[in-house]
Amino acid sequence: TGIDRSGVTHHHPIAVSPDGKYSIEFAECLASCGFGPVCMINDDFHDAVTDVDGLLKQYP
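FYI, the numbering for the sequence shown is 238 to 297, going by this note's numbering.
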């Protein structure tokens, strides 16, 4: 995605890809420690994420 996540913290919560298509937002907790790694895309929750590229292809 080309997003530099190094600066994403609770003080600077958002990083955006160079093309503006994706963003990463800091989240304190998604309450799913036993199912990690986890993420949310739009309002969809994903657990046990291993294939990030495949997951992102579902969101053109």
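We put the CB at the ideal spot given by N, CA and C, even for glycine.
Let's see if you can read the secondary structure: which residues bound the alpha helix (DSSP H) around V289? Walking along the sequence shown from the start, residue 289 turns up at place 52. Segment 289-294, the alpha helix (DSSP H) holding V289.
Taking 8 Å as the cut-off, decide whether the C-beta atoms of S243 and V253 are in contact. As a first step, residue 243 must be located in the sequence shown, where it is residue number 6. As a first step, residue 253 must be located in the sequence shown, where it is residue number 16. No, the pair does not count as a contact, with Cβ atoms beyond the cut-off.
What residue range does the beta strand (DSSP E) around S260 cover? For the purposes of this step, residue 260 is taken as residue 23 along the sequence shown, with counting starting at 1. First-last of the beta strand (DSSP E) with S260: 260-262.
Straight-line gap, C270 to F263 (C-alpha atoms, nearest Å): In the sequence shown, residue 270 corresponds to position 33, counting from 1. In the sequence shown, residue 263 corresponds to position 26, counting from 1. Distance between the alpha carbons of C270 and F263: 16 Å.
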